[in-house]
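Below you'll find the structure, written out as structure tokens, and then a few comments.
Number of protein chains: 6
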Amino acid sequence: MSDFLQLKIYFSGELVPLSEARVSIFDHALMLGDMVFEMTRSFNHQPFMLDSHLDRLHASLRLLEIDCRLTPPQMKQATLDTIEANLPLFEEGLDYWIRHDVSRGPVSLLHHLLPKPLRPTVIISVLPVIGRITSVADAYENGVHVVIPSQRAIPSRYLDPKAKTRSRQHYQMANLQAARIEERSWPVLLDEHGYLAEGTSYNVFLVKDGTLYTPEPHNILRGISRTYVMEMAARLALPVYETKLEPYDFLMADEAFLTASSYTILPVVQFEGRPVGDGKVGPVYQRLLQTWGEQVGVDIADQAKKIRAKYGE
Amino acid sequence: MSDFLQLKIYFSGELVPLSEARVSIFDHALMLGDMVFEMTRSFNHQPFMLDSHLDRLHASLRLLEIDCRLTPPQMKQATLDTIEANLPLFEEGLDYWIRHDVSRGPVSLLHHLLPKPLRPTVIISVLPVIGRITSVADAYENGVHVVIPSQRAIPSRYLDPKAKTRSRQHYQMANLQAARIEERSWPVLLDEHGYLAEGTSYNVFLVKDGTLYTPEPHNILRGISRTYVMEMAARLALPVYETKLEPYDFLMADEAFLTASSYTILPVVQFEGRPVGDGKVGPVYQRLLQTWGEQVGVDIADQAKKIRAKYGE
Amino acid sequence: MSDFLQLKIYFSGELVPLSEARVSIFDHALMLGDMVFEMTRSFNHQPFMLDSHLDRLHASLRLLEIDCRLTPPQMKQATLDTIEANLPLFEEGLDYWIRHDVSRGPVSLLHHLLPKPLRPTVIISVLPVIGRITSVADAYENGVHVVIPSQRAIPSRYLDPKAKTRSRQHYQMANLQAARIEERSWPVLLDEHGYLAEGTSYNVFLVKDGTLYTPEPHNILRGISRTYVMEMAARLALPVYETKLEPYDFLMADEAFLTASSYTILPVVQFEGRPVGDGKVGPVYQRLLQTWGEQVGVDIADQAKKIRAKYGE
Amino acid sequence: MSDFLQLKIYFSGELVPLSEARVSIFDHALMLGDMVFEMTRSFNHQPFMLDSHLDRLHASLRLLEIDCRLTPPQMKQATLDTIEANLPLFEEGLDYWIRHDVSRGPVSLLHHLLPKPLRPTVIISVLPVIGRITSVADAYENGVHVVIPSQRAIPSRYLDPKAKTRSRQHYQMANLQAARIEERSWPVLLDEHGYLAEGTSYNVFLVKDGTLYTPEPHNILRGISRTYVMEMAARLALPVYETKLEPYDFLMADEAFLTASSYTILPVVQFEGRPVGDGKVGPVYQRLLQTWGEQVGVDIADQAKKIRAKYGE
Amino acid sequence: MSDFLQLKIYFSGELVPLSEARVSIFDHALMLGDMVFEMTRSFNHQPFMLDSHLDRLHASLRLLEIDCRLTPPQMKQATLDTIEANLPLFEEGLDYWIRHDVSRGPVSLLHHLLPKPLRPTVIISVLPVIGRITSVADAYENGVHVVIPSQRAIPSRYLDPKAKTRSRQHYQMANLQAARIEERSWPVLLDEHGYLAEGTSYNVFLVKDGTLYTPEPHNILRGISRTYVMEMAARLALPVYETKLEPYDFLMADEAFLTASSYTILPVVQFEGRPVGDGKVGPVYQRLLQTWGEQVGVDIADQAKKIRAKYGE
Amino acid sequence: MSDFLQLKIYFSGELVPLSEARVSIFDHALMLGDMVFEMTRSFNHQPFMLDSHLDRLHASLRLLEIDCRLTPPQMKQATLDTIEANLPLFEEGLDYWIRHDVSRGPVSLLHHLLPKPLRPTVIISVLPVIGRITSVADAYENGVHVVIPSQRAIPSRYLDPKAKTRSRQHYQMANLQAARIEERSWPVLLDEHGYLAEGTSYNVFLVKDGTLYTPEPHNILRGISRTYVMEMAARLALPVYETKLEPYDFLMADEAFLTASSYTILPVVQFEGRPVGDGKVGPVYQRLLQTWGEQVGVDIADQAKKIRAKYGE
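Protein chains in written order, with the numbering used here: chain A, 1 to 313; chain B, 314 to 626; chain C, 627 to 939; chain D, 940 to 1252; chain E, 1253 to 1565; chain F, 1566 to 1878.
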């Protein structure tokens, strides 16, 4: 594992060792959770949907009025350079993810404690997909359990989840509550009106009579995997609707699954202690996972198991 | 100014140079804004209300289920040791503040990228009060202007402001909006029902007919300076009520002021473009500021000017 | 009328006399309103949409986590058997309705007061359609008046109306309020946002420029007659939308009608004291009623009058 | 146990055997959860706070506009008569509770299925306190665990909990959710704003620095035991406040306890997986329980154990 | 009656005939309901609480940012002058009320249609109290009926009722709804949470066990008569609480009454179709009315009857 | 300019001079903001969409239960007559707008102060379009700036904006707040959930990837220009969606524009201090403006400049 400690991180213009990938306690990121980020993964060492992720990164920056001082092309080039610098550390079969972290930098009021000049913090990391992927290696076949924590999604008018920011203490609370309900369960938060919103870093889909349903794109992060699933479904002639969904609908669904950039899609086989559909991984899910894998040339579930076998959990 | 770069920071058990006061990008603090903090200041180099701040720190940790692995006495001792280690850097007349930052440490899912063992992040910094204090040096006499931004306080059921956490992107949004309304104005957020909640790191009081009013202690941080003002008022035989306050009440008030641990109390002379009372700093404010100063043996407004004169703005 | 007292009720596995169709005061049904039910009616002695009703029954049971210990086929068989046992009591022209009532049975904490074994309560009743039908016999021609009571629909996140449960005290309150506004008026409840939700056991449709509109399927019971009307409309090339509707829309509609399993559809000719459209029963309504009647082989309005003539009101 | 099957129940004017304490499926109670009730217990065979319970019963009837056709004195007399009729079945040491259930009777629209005359349903039962009491016999010493379910309290504007009605499906949902979080845990529901409301048939108190706090009397049943505790506390010179309480306050409390007519008061030693105070039964609780016991001449915790020993669980 | 047509109205600096008391259709008052007002009445030709009314007038102007170009002393003088100019038209026993109407004047964007110079509109009228008073002449003895309309009070964060403005279409809707529920009934609006707010130009009090309760001063006009009643009660040693009140509390009250500047206080004998207390005018009300009358030297109920006798209804 | 003072206003059946276009202070319009209105403009002296405006006028009257005593044809005829009477005052190139104002007339309770008979107030004015048009003459090319004020749109359940009434104090508050944020900026109000609602007398559209988006027709006035734009877009094969839009969507839009009957459409180039799209007037806007101009035979932007040149600002 020690090889990964050789990773080089892009840090505000320089490549630094992994151990230097640290942010000043005077940075807006730390003082106010005032940082945006993105997670992009590769398949076969090719970044997947990188442009979409970078677009969303710039959208988040725009909402938060952060001027990162890099144009979109510069940000992309820095990303590609960072990948190139680290690629030798990734053997075949082990994909990476690219993590962008951007804040407006240190709080200027504290300038007397800070080396000059003050500038935005831009971090680009290229990291092995190990942690998240190995932890779900069995889930592609066995499915996961979803629970509803007491914590509700923060309405977007208070803190807009469409900007992917680091102010996400409430996700941590939801994770802790879910663990108390059932170990290793996955929380899906309700919004203020009791509609399904999103997981703590994943979107949710229901399947009923061959049609896909997913929450409206307001109180959620508009996930890029979510969009990708919607586009795949269109190509597969599966109707998809963005609509209001309730726990009742979850209980009546034939299938359900979660989407995220890291593990792509995971089947849900239990909801609030009751089986989803017949409690088994369903055919629509399997078709989507297979199609995704074909698109990117990777057997996604198989890769996860191989990574786990090699890198332990 | 360079002297301050000699400061030593307590970092998870060790004293490190100021430049090393940096948090891993894999820390919960950064990834989820999942960190609690406190700011305590000194008067004449004596920590003020330190026990209250530490009590609240432990309360925040309890709400967030963070086990920092220090008992309260240990945390206090570490604090006192850190003060002692840094005190020589503070000349007379320059007070410090003590900043505590605590997270549950790096995200365990990423353990393969992290040096072992994983442990909570506990940072104690002793820093000059310069930034915040010099910026308000004139405000003790001239007062500040308050505006209502479009951003509303997040209701406590979504993200409890009584725990002083680093997930405060919404405060940053409020600050940006306030700056657009009027440069150097101070935002006070309304709660979901339109009642005054709090500033972006300060509490608010109104004075009407010799009585003090401050928002109920639910959708706000229960400020230690807020409590201190309430106790001072009691000693001065000024009635104080925690109640629901609206913009209407602000407009009808005789006086208003803001409280925070750094600058203690600041008078508000304008609200939403209209004068508060007669638009001048009022007598109740002055009496409270003077009393506070007497209690701690510092002429608070005077000290601010002197610090600004010496350390620039 | 006394003949009906000969009716046999299916009660947790046995057929009992009507007079024995009583539920223990220790049953969840009574102690907590914790019972689900369905009402299915016949046309020409044929159960109408029975499968849909049984599906919804099982959906309600699933939401409430009640295990009734009958599989869906067993429930259906028990239903058909109960119909058969009672059919001789129904002369031609008099249809019946089938009522299912299911609870999880007596509260186990009180087991010492209860005969053993404890088991779920499953009641299937086959009853004459007389009461509800005779009371509306004139309404097919004269229409009904709708009013908005002060009582609001309970949002589904508190008590989901999609499960047809017996906790419906609020419907009773709405009925009492409506009677105070105008005798024999029909309440339609607004939801928390002021949108039309549903009646106290019926759904509502508006007609404007040949298009049908009905509230979104969230804060309402998803009525089987409501669905049937939507399907009929599709066959008749009438567009139908599920959307947010407000009192304003009701006042601007050309026509309006209510749907329920018992009386099918009833025209609304007055809303909040003002005529709906021209205040007369409209052509879209008439076309729908006629189509429904043709589908089931019954002149629905005529049957109601005949039943009233024969069995009094 | 079989002796209790000899109990006589007052049923709309007559005393009937326990096995006949059943309500018609055509009764408002069953069809609409439209029934009010009360639970009063005895100590040493003396009804406790009976007048308060009857007052609240009549208040509930008034809110629901149910005319039970008994004046308050008649209701009380019927109650006393029913007690007298059943008292011989209760040996010393075994207290009873008196349960009142009142509905407006069968739905008049269904009169053709009903024996005449239609009249309100009034049931008075005198039952052994066994179930609830034996199940908590250990809790007086060991305390109970409280959890926050996802289900929220229904705001009183939708369904007023101050009227003790049988439409309480949502309490059942809360109980089921609590059992999934932790077996035998006790749910306390949050209201729409995230404030503590009540349990599923009990009120909640917090103790901090010798002062009692309990939720405001709006979105809750105004429990008679709750009132009794407030009065006891006044006599013991313990301040009591009805105020808004949040999970944060629960976590910061020194002690907490639940109140209900059956078991009086039970200590809470765990909240959301964390200890309350030091995780042990606290002195304020013990003082209140002892005082209560002295007032009624019963060692409450001891009685519970004896009943359990004798009547099993 | 024609004498009253001789009344002189103060209109932006001049006294004009009653028939000229008209506002341009280009005035903010008309175009945006953007006008504040006050109603002050006399007793024995002495203005009652005039200073309080003028204070509130200036408070409303301040909230709306209207500069009326009169200082408070000038406004008072203009008021007294207008009274003096009209007093000869009022015979003994006939009191007047003083009505202030102030807007920021015509919309400047339309200046080309307007005579110059543009200036605020300030109207002071001194009018006989006939209309409102004669219509309630019997109510002092017989009481009035209160109903809850479907219209809810607008929360103060949207439109602050503490400023007495002319944007009150919603009061008109409430009045129309109340008339449909019961002719001549008086609506009391609920706020968004179901708490009693206020009538359409009156405040409400409940009496229970000798204590007065009235809604909190947030979503209501802070009536000057309301304040006066609270002060009278204090002098009479009747406790008064501003608190949250619900329909349940109204139904449980011993007495209730309404307050307004015109008729002072009116007893409520029916609420939502049910008697308040015993359905008769209660002793607390009578004591308050009598005290008020003594304070101002007028038998208030008697005066109303005499005015009605003389001036018809 | 003095020529316009010759205008004749239709006032409840008569033509009166402009200076007599004044409303009694006893009128519902003034006392309760209880008046509905419409603004229709001409192009080349032809009324534009007059029938739609009159339809909406009657819809507003219906919602408010105002009987204006004119049938729709009579109202139209009166309108045409008033145009005809005033047309000679409008030279070529200067269009007019027609303003309808209707209230239920004076408050009957005050009948003793009023000339008889009481009747509804119906005012029809034909006025030059100068004010609004000249003020925006540059905006067709330079665009306008939009800001979000703290004031929120009143939800339709409290005060329905679909009826165009004169109770719009809250719009005035929004205008004042916007002016404080940025002089000459245009406020767009958020609704209670943070979705874009409408301006203070205009609707809003966003354009993204060639598709138009506009808020759902619930918490807004359903603008006739809004509808006209939607129909134009359909003819131009531009997709249009009514949907929920948030500040995030505004920031991500390529273009945005405002619609109103007076100036038709105005481009938005800045939102909350940040450029919309590239900060320039966009092609979709230009195409719509041009199409509109072609439809009505007027170069809309050019006309505005000419009017300003001639009639000053």
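Note that CB positions come from ideal geometry on N, CA and C, so glycine has one too. The structure displayed is predicted, hence computed values, not measured ones.
Within the same chain, and ignoring the five residues on either side of Ser480(B) in sequence, the residues whose Cβ sits closer than 7 Å to its Cβ are Gly346, Leu472. By the criterion of at least three beta-carbon pairs nearer than 8 Å, the stretch 1231-1249 of chain D is in contact with the stretch 1070-1077 of chain D. Residue burial is scored here from C-beta neighbours: Asn1296(E) has fewer than 16 other C-beta atoms within 10 angstroms and is therefore classed as exposed. Contact with chain B is absent for Pro1324(E), since none of that chain's Cβ atoms lies less than 8 Å from the residue's Cβ. Near chain E, meaning a CB-to-CB distance below 9 Å, the residues of the stretch 987-1003 of chain D are Ala998, Arg1001, Leu1002. When DSSP states are grouped into helix, strand and coil, Gly757(C) belongs to the helix group.
Rounded to whole angstroms, the separation of the alpha carbons of Asp1130(D) and Phe652(C) is 28 Å.
In this structure Tyr1813(F) touches Leu63(A) by the C-beta definition: roughly 6 Å separates them, less than 8 Å. For Thr540(B), the uninterrupted alpha helix (DSSP H) run begins and ends at 537-548, by DSSP. Short of 6 Å from the beta carbon of Trp1544(E), and not among the five residues preceding or following it, lie these beta carbons of its own chain, in chain order: Thr1516.
Per DSSP, Glu710(C) lies in no beta strand (DSSP E) segment; the continuous alpha helix (DSSP H) that holds it begins and ends at 698-712.
Of the residues assessed, Ala309(A) falls on the exposed side of the cut-off, its CB having fewer than 16 other CB atoms within 10 angstroms. Contact between the stretch 948-961 of chain D and the stretch 1005-1024 of chain D is present: 3 or more CB-CB pairs across the two stretches fall below 8 Å. In this structure the stretch 230-241 of chain A does not touch the stretch 191-202 of chain A; the number of beta carbon pairs closer than 8 Å is below three.
Under the 10 Å beta carbon count, Pro1054(D) is surrounded by fewer than 16 other beta carbons and is classified as exposed. Taking 8 Å as the threshold, the shortest C-beta distance from Gly1070(D) to chain B does not fall below it. Of all residues in the stretch 951-975 of chain D, only Leu957, Ser958, Glu959, Ala960, Arg961, Val962, Ser963, Ile964, Phe965, Asp966, His967, Ala968, Leu969, Met970, Leu971, Gly972, Asp973, Met974 come within less than 9 Å of chain C when Cβ atoms are compared, listed by chain position. For Ser24(A), the enclosing beta strand (DSSP E) covers residues 22-24. Rounded to the nearest whole angstrom, the C-alpha separation of Ile724(C) and Glu646(C) is 17 Å. In this structure Leu644(C) does not touch Leu1048(D) by the C-beta definition: roughly 16 Å separates them, more than the 8 Å allowed.
The stretch 1142-1160 of chain D makes contact with the stretch 1088-1102 of chain D; the number of CB pairs closer than 8 Å reaches 3 or more.
Just so you know, the alpha carbons of Gln921(C) and Leu915(C) end up roughly 10 Å apart. Against chain B, the CB of Arg166(A) has a partner CB under 8 Å away; the residue lies at that interface. DSSP places Tyr821(C) in no beta strand (DSSP E); its state is neither H nor E. The C-beta of Leu489(B) comes closer than 8 Å to at least one C-beta of chain A.
Residue nearest to Arg132(A) within the set Val276(A), Ala260(A), Gln270(A), Val281(A) is Ala260(A) (criterion: CA-CA distance).
Nearest CB-CB separation between His531(B) and chain E: not below the 8 Å threshold. For Ser776(C), at least one C-beta of chain E is nearer than 8 Å to its own C-beta. By the Cβ neighbour-count rule, Tyr1224(D) is buried, with 16 or more other Cβ atoms within 10 Å of its own. Shortest Cα-Cα distance from Leu374(B) to any of Lys76(A), Ile181(A), Gln169(A) involves Gln169(A). By the C-beta density criterion, Leu753(C) is buried, having at least 16 other C-beta atoms within 10 angstroms.
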